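> If you scroll down you'll find the structure; I have some questions about it.
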Amino acid sequence: MQNLNILISSQTMDPELLRIASKVHLGERISETEGVYLYEHADLSYLGVLANFIRESKHGDNTYFNKNFHIEPTNLCVYDCKFCSYSRLIKQKDEGWALTLDEMLDQIKKYDDQPVTEVHIVGGVLPQYDLKFYSELFTAIKNHRPSLHVKALTPVEYHYIFKKAKIDYETGMKLMKEAGLESIPGGGAEIFHPEIRNQIAKDKCTGEQWLEIHEIWHNLGMRSNATMLYGHIESYHHRIHHMEQLRQLQDRTGGFQTFIPLKFRNQHNQMEHIPEVSVVEDLRNYAISRIYLDNFDHIKAYWAMISRETAQLALNFGVDDIDGTLDDTTKIYSMAGAEEQNPAMTTSELVNLIKQVGRRPIERDTLYNVIQDYTDIKFEDEALKVNYYKLPVINN
Ligand code: SF4
5 MQNLNILISS
15 QTMDPELLRI
25 ASKVHLGERI
35 SETEGVYLYE
45 HADLSYLGVL
55 ANFIRESKHG
65 DNTYFNKNFH
75 IEPTNLCVYD
85 CKFCSYSRLI
95 KQKDEGWALT
105 LDEMLDQIKK
115 YDDQPVTEVH
125 IVGGVLPQYD
135 LKFYSELFTA
145 IKNHRPSLHV
155 KALTPVEYHY
165 IFKKAKIDYE
175 TGMKLMKEAG
185 LESIPGGGAE
195 IFHPEIRNQI
205 AKDKCTGEQW
215 LEIHEIWHNL
225 GMRSNATMLY
235 GHIESYHHRI
245 HHMEQLRQLQ
255 DRTGGFQTFI
265 PLKFRNQHNQ
275 MEHIPEVSVV
285 EDLRNYAISR
295 IYLDNFDHIK
305 AYWAMISRET
315 AQLALNFGVD
325 DIDGTLDDTT
335 KIYSMAGAEE
345 QNPAMTTSEL
355 VNLIKQVGRR
365 PIERDTLYNV
375 IQDYTDIKFE
385 DEALKVNYYK
395 LPVINN
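Here it is, written out as structure tokens:
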């Protein structure tokens with residue numbers, strides 16, 4: 005707050021940036037034009053002040069994480085998204101895997117004595133993973149462990165499955181809910197604008213279809229997340245257009261919990277020639293997301309994708325959630341050249357990571373119910389010699 009007051013009393017700042025800062029201070033929504041202006045003209049320190057003001061107004065120092073693991077049914081896929089490092093086409097099946105229902109249940113059972121609260125299921129799109137298959141999988145998981153939250157699949161899979169089953173989205177999502185699905189992760193959104201989507205992911209569901217499936221899900225009383233793949237061939241205008249579609253849908257339903265910006269990584273995919281954006285651009289993007297999406301409660305950074313250190317920094321640029329323990333159960337990040345090749349953190353490591361930058365570590369469940377506040381809990385392996393401090397926010 006103090007930093008923002010200093011900033012809006014500045015005599016030397018660009019008047020347009022000053023005006024936007026005053027709007028944020030008053031809790032007013034910024035426009036699409038103002039969002040693009042921030043991307044084009046605002047520096048990191050200015051954005052940090054605004055985003056941190058919003059972050060701390062909403063959550064104080066609370067920083068959320070959960071205990072989760074992933075199941076990735078297959079890396080084979082009928083689609084051929086240009087940015088995808090994870091999937092193999094069916095003709096390359098020797099390089100892939102495709103788990104059976106029993107193999108996935110065996111993975112679930114490995115966690116029977118562990119205090120995980122969520123299984124996150126997402127992977128490639130294959131004809132044999134159809135409506136019947138996923139209905140049976142979700143029901144079997146819930147029968148085995150009713151308390152484990154099933155967060156699974158994206159509109160990319162749902163669009164394909166329902167089309168194959170010749171049912172409409174609403175019928176399909178009702179069936180998924182009855183089978184045991186509890187929330188939808190944010191994937192498959194990429195960039196909604198057709199100018200970009202048609203170049204990088206042209207065969208899968210459109211942006212409108214992605215939004216429609218989430219809207220139907222929200223109208224069933226359920227929650228979901230949203231992502232944006234940034235830092236490739238899109239312009240700032242496309243990023244703001246993407247967030248504007250999400251903001252409008254959130255105004256209608258209130259069903260989104262978290263927005264997760266996903267950095268484009270350029271290893272092992274068809275866009276290797278495109279350089280990755282800098283960490284500064286990552287932080288600017290988190291901050292502008294926090295400022296623009298005024299009706300989203302949470303902004304999340306996947307520590308496994310951007311590195312533990314950048315995740316710590318991001319907590320001063322609007323981020324209040326750094327995802328979960330993962331337990332080395334996902335290959336999606338590492339195959340794309342993410343910082344962590346075998347992503348797993350113990351609870352104490354996650355708690356330390358958050359405490360080291362002066363924030364309060366809060367374990368949550370998928371729906372952001374608080375499970376445990378770790379602020380005053382000490383672990384034996386806690387890095388006690390480290391000085392806990394919060395990054396100073398620099399003023400313009
Ligand atoms: S991004 Fe998803 S839909 Fe696209 S090729 Fe990769 S796994 Fe398939």
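Letter 361 of the sequence shown, counting from 1, is numbered 365 in this note's numbering, and no numbers are missing. We put the beta carbon where it would ideally sit given N, CA and C, even for glycine. Computed from a predicted structure; not experimentally measured.
1. Among all the DSSP beta bridges, which residues are the ones paired with Tyr68?
2. When the Cα of Ile112 is compared with those of Thr78, Leu317, Thr231 and His153, which residue comes out closest?
3. Measuring alpha carbon to alpha carbon, tell me which of Phe383, Tyr234, Glu367 and Ile381 ends up nearest Asn66.
4. Determine the extent of the beta strand (DSSP E) in which Thr231 is found, giving its start and end residues.
5. Ignoring anything shorter than 4 residues, give me the alpha helix (DSSP H) runs that lie fully in the segment 159-233, in order along the chain.
6. For Val284 versus Leu42, is the C-beta spacing smaller than 7 Å?
7. Say whether the segment 24-36 touches the segment 265-280, bearing in mind that this needs 3 or more beta-carbon pairs closer than 8 Å, one atom from each stretch.
8. Please determine, among Trp214, Arg33 and Thr16, the residue with the shortest C-alpha to C-alpha distance to Asp298.
9. Since Asn78 and Leu130 are thought to touch, with beta carbons under 8 Å apart, how far apart are those beta carbons, to the nearest angstrom?
10. I need the straight-line Cα distance from Leu11 to Gly64, nearest angstrom please.
11. Are Ile303 and Val281 touching if we call contact CB-CB under 7 Å?
12. Apply the 10 Å Cβ neighbour rule to Ile58 and answer buried if 16 or more other Cβ atoms are within range, or exposed otherwise.
13. Going by Cα to Cα distance, which pick from Gly184, Gln261, Trp307 and Phe166 is closest to Lys146?
14. Where does Pro131 sit, in a helix, a strand or coil, going by DSSP?
15. By DSSP, does His245 sit in helix, in strand, or in coil?
16. Just checking Ser91 against ligand 1 - is the residue's beta carbon closer than 6 Å to any of the ligand's heavy atoms?
17. Please classify Leu109: does DSSP put it in a helix, a strand, or coil?
18. Specify whether the segment 167-182 and the segment 122-129 touch according to this definition: at least 3 beta carbon pairs, one from each stretch, less than 8 Å apart.
19. Tell me whether Cys81, by its Cβ, gets closer than 6 Å to a heavy atom of ligand 1.
Here's the rundown:
1. Position 64 of the sequence shown holds residue 68. According to DSSP, Tyr68 bridges with Asp325 and Ile366.
2. For the purposes of this step, residue 112 is taken as the residue at position 108 of the sequence shown. Closest by C-alpha distance to Ile112, out of Thr78, Leu317, Thr231 and His153, is His153.
3. Looking up residue 66 in the sequence shown gives position 62. Among Phe383, Tyr234, Glu367 and Ile381, the Cα nearest to that of Asn66 belongs to Glu367.
4. Residue numbering aside, residue 231 sits at position 227 when the sequence shown is read from its first letter. Per DSSP, Thr231 belongs to the beta strand (DSSP E) from Arg227 to Tyr234.
5. 159-169, 173-183, 198-204 and 211-223
6. The sequence position of residue 284 within the sequence shown is 280, counting from 1. The sequence position of residue 42 within the sequence shown is 38, counting from 1. No, Cβ-Cβ distance for Val284 and Leu42 is not below 7 Å.
7. Taking 8 Å as the limit for Cβ pairs, the verdict is that the segment 265-280 does not touch the segment 24-36.
8. Numbered from 1 along the sequence shown, position 294 holds the residue referred to as residue 298. Selected option, being the one with the closest Cα: Arg33.
9. Against the sequence shown, residue 78 aligns to sequence position 74. Against the sequence shown, residue 130 aligns to sequence position 126. Looking at the sequence shown, residue 78 is not Asn but Thr. Between the beta-carbon of Thr78 and that of Leu130 there is about 6 Å, and that keeps the pair under the 8 Å contact cut.
10. By 1-based counting over the sequence shown, the position of residue 11 is 7. By 1-based counting over the sequence shown, the position of residue 64 is 60. For Leu11 and Gly64, the distance between alpha carbons rounds to 20 Å.
11. Against the sequence shown, residue 303 aligns to sequence position 299. Against the sequence shown, residue 281 aligns to sequence position 277. Taking 7 Å as the Cβ cut-off, Ile303 and Val281 do not qualify as a contacting pair.
12. Locating residue 58 in the sequence shown gives position 54, where the first residue counts as 1. The residue is buried, with at least 16 neighbouring Cβ atoms inside 10 Å.
13. On the sequence shown, residue 146 is found 142 positions in, with the first residue counted as 1. Out of Gly184, Gln261, Trp307 and Phe166, Gly184 has the C-alpha closest to the C-alpha of Lys146.
14. Within the sequence shown, numbered from 1, the residue matching residue 131 stands at position 127. Pro131: coil per DSSP, three-state reduction.
15. One-based indexing of the sequence shown puts residue 245 at position 241. Helix at His245.
16. Walking along the sequence shown from the start, residue 91 turns up at place 87. Correct: Ser91 has its Cβ closer than 6 Å to ligand 1.
17. Position 105 of the sequence shown holds residue 109. Leu109 falls in the helix class under three-state DSSP.
18. When C-beta atoms of the segment 167-182 are compared with those of the segment 122-129, fewer than three pairs fall below 8 Å, so the two segments do not count as touching.
19. Indexing the sequence shown from 1 puts residue 81 at position 77. Yes.
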